[in-house]
Structures are given as C-alpha cells and as structure tokens.
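Protein chains in written order, with our numbering: chain U, 1 to 113; chain C, 114 to 225.
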Amino acid sequence: DGGITQSPKYLFRKEGQNVTLSCEQNLNHDAMYWYRQDPGQGLRLIYYSQIVNDFQKGDIAEGYSVSREKKESFPLTVTSAQKNPTAFYLCASQFAGDAYEQFFGPGTRLTVL
Amino acid sequence: AQKVTQAQTEISVVEKEDVTLDCVYETRDTTYYLFWYKQPPSGELVFLIRRNSFDEQNEISGRYSWNFQKSTSSFNFTITASQVVDSAVYFCALSEANDMRFGAGTRLTVKP
C-alpha cells in the first residue's frame with residue numbers, strides 16, 4: 001500500500017537534546033513538507049523540499065534542520081535551539097505543482113520534559 | 114502573499130443538522146487551487162476536495178457540498194444531515210506558485 005509513514009508516533013525528549021523525526025513516502029512524490037501544529041492552531045510550515053538534495057525554509061525554520069538525500073525520505077531534526085518544541089509534527093508529500101493535493105502522514109507528537 | 118481565513122473557530126451542532134464551514138481567501142493570482150482537508154481525532158489530515166480557480170461549479174459528494182464563489186473569494190463547505198463521525202477539524206487551503214497555505218481550521222463537534 002502506498003502512503004506516508006512517520007515514526008515514532010510519540011516522542012519524549014529532555015531539554016537540550018536533539019531529536020530526529022522520520023518521514024518516508026512510497027508515493028513517488030517529488031515534494032515533501034514538514035508542518036508544526038500547536039493545540040487549537042493551524043499548520044505552520046517548517047521546511048519543504050521540491051527535489052532531492054534541495055530544501056527551503058518555511059515560516060518557522062529556526063531551531064530545525066532537514067535533509068533530503070533520497071526522494072522517499074525527509075527527516076526533521078529538532079535541535080536544542082528550538083525554544084518551544086512540544087507540538088504535533090506532520091509530514092506531507094505531493095507531486096510537484098499547485099494542482100496536486102498533499103498527502104499527510106499520521107504525525108508525531110513530541111513532548112519535551 | 115496569499116491568505117486563508119476560517120473565521121469560525123469552533124462549531125457545535127446536533128446530529129442531523131446541516132452545517133456550513135466558511136473559508137475566505139486572498140490572492141493576486143488568477144490561477145490558483147483551493148482545497149478542503151479533514152483532521153479527525155487521530156491527527157492525520159485527509160484530503161476532501163480540490164477546486165481550480167477557473168471552475169466555479171459547485172460540487173456535491175454524498176452529504177458534502179462545496180460552494181465556490183470568486184466574486185466573494187469564498188469556498189464554503191456544507192455538511193448535510195451531520196453525523197457524529199463528522200466531528201473533526203476542517204482546514205481550507207490555497208495553493209499558488211508552489212506555495213500551499215492553510216487556514217487556522219474549524220473544529221466541528223456533532224453531538225448525538
């Protein structure tokens with residue numbers, strides 16, 4: 001079955017630690033995205049990538065980093081520089097172009113202890 | 114820059130009532146696409162519909178219908194005879210120039 005997987009579903013981190021969230025897709029999509037969602041709020045774009053080995057900052061990239069070494073994978077690292085990392089993180093992918101919808105993974109809920 | 118406004122933060126209805134979720138957008142482009150997504154309690158967003166800026170025909174899919182009006186820059190979503198399973202957060206989105214922007218979402222609660 002084609003789709004997007006994110007792991008882990010729940011993640012706990014101590015302050016000062018870096019943590020990496022996984023996102024894999026087997027839909028042959030060109031573009032991949034990371035969003036952050038806080039309680040009762042909409043989606044805010046962290047980073048996106050339209051092609052392998054290239055990515056762009058979104059609206060709230062500070063304290064985050066990404067890589068796109070393979071078309072299928074777009075991991076997000078939440079660094080210790082992110083001041084308030086507790087949130088729900090959603091990964092999405094789509095074919096290139098405005099006409100296409102984004103497909104979303106199940107999300108990772110990160111809690112900083 | 115484009116913008117999507119969902120003014121209704123939360124809506125609560127009783128089962129079998131009809132409910133309309135509002136979406137107003139701003140854009141300077143003539144070519145753009147509008148979307149609606151559903152986010153159930155599990156968290157994963159599910160795509161519902163896509164509309165391009167040149168197609169103003171309304172669409173109906175079962176109990177769901179969408180009203181796109183360029184004159185008022187609106188793309189409203191109506192659920193007829195709501196059911197408890199319709200309880201979710203619904204997002205409207207606008208895509209243009211490879212940039213998709215989401216509204217803040219409307220939380221719909223359907224009570225039995």
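Using N, Cα and C, we set each Cβ at its ideal position, and we do this for glycine too.
Chain-order list of residues whose beta-carbon lies under 6 Å from that of residue i (same chain, five-residue window excluded)
| i | result |
| --- | --- |
| C/Ser208 | Tyr146 |
| C/Arg220 | Glu123, Val202 |
| C/Ile162 | Trp149, Trp179 |
| U/Gly63 | Thr79, Ala81, Gln82 |
Beta-carbon contacts of residue i that lie in its chain and below 7 Å, excluding the five residues immediately before and after
| i | result |
| --- | --- |
| C/Gly186 | Note that residue 186 of chain C is Ser in the sequence shown here, rather than Gly. Same-chain partners within the cutoff: Val137, Tyr138, Glu139. |
| U/Ser67 | Pro75 |
| U/Val112 | Arg13, Glu15, Pro85, Thr86 |
| C/Glu128 | Ser195, Gln196, Val197, Val223, Lys224, Pro225 |
Secondary structure of residue i, DSSP reduced to three states
| i | result |
| --- | --- |
| C/Lys116 | strand |
| U/Ser65 | strand |
| C/Lys183 | helix |
| C/Val197 | helix |
| C/Lys129 | coil |
| C/Asp168 | coil |
| C/Thr140 | coil |
| U/Asp54 | strand |
| U/Phe95 | coil |
Residue from the options with nearest C-alpha to residue i
| i | options | result |
| --- | --- | --- |
| U/Asn53 | U/Arg44, U/Gly63, U/Asp30 | U/Asp30 |
| U/Val13 | U/Tyr33, U/Val78, U/Ile4 | Checking the sequence shown, residue 13 of chain U turns out to be Arg, not Val. Among U/Tyr33, U/Val78, U/Ile4, the Cα nearest to that of U/Arg13 belongs to U/Val78. |
| U/Gly58 | C/Val127, C/Met213, C/Glu128 | C/Met213 |
| U/Ile60 | U/Glu69, U/Lys70, U/Ala87, U/Gly40 | U/Ala87 |
| U/Gln102 | U/Gln82, U/Leu110, U/Cys91, U/Gly40 | U/Cys91 |
| U/Arg36 | C/Ser125, C/Lys151, C/Gly156 | C/Gly156 |
| C/Ala120 | C/Lys129, C/Glu130, C/Val127, C/Asp135 | C/Asp135 |
| U/Asp98 | C/Lys151, C/Arg164, C/Leu158 | C/Arg164 |
| U/Leu27 | U/Pro39, U/Gln94, U/Leu43 | U/Gln94 |
C-alpha distance - residue i paired with residue j, whole-angstrom precision
| i | j | result |
| --- | --- | --- |
| U/Ser65 | U/Gln50 | 16 Å |
| U/Ile4 | U/Tyr33 | 11 Å |
| U/Pro106 | U/Asn84 | 21 Å |
| C/Ala206 | C/Thr222 | 21 Å |
| C/Ala194 | C/Ile173 | 14 Å |
| C/Gly216 | C/Phe160 | 14 Å |
| C/Thr143 | C/Lys183 | 10 Å |
| C/Phe204 | U/Glu69 | 31 Å |
| U/Lys9 | C/Lys151 | 19 Å |
| C/Phe167 | C/Arg141 | 14 Å |
Own chain residues within Cβ distance below 8 Å of residue i, not counting five before or after
| i | result |
| --- | --- |
| U/Asn18 | Thr77, Val78, Thr79, Ser80 |
| U/Tyr48 | Ala31, Met32, Tyr33, Trp34, Phe55, Gln56, Gly58 |
| C/Thr191 | Asp131, Val132, Thr133, Leu134, Tyr177, Ser178, Trp179, Asn180 |
Residue i Cβ short of 8 Å to the ligand NAP heavy atom set
| i | result |
| --- | --- |
| U/Glu101 | Absence of the ligand NAP from the depicted structure is noted, as is the absence of any ligand whatsoever, leaving it without description. |
Practice problem: Take every Cβ of the segment 15–33 of chain U, pair it with every Cβ of the segment 64–75 of chain U, and state whether three or more of those distances are shorter than 8 Å. | Solution: yes
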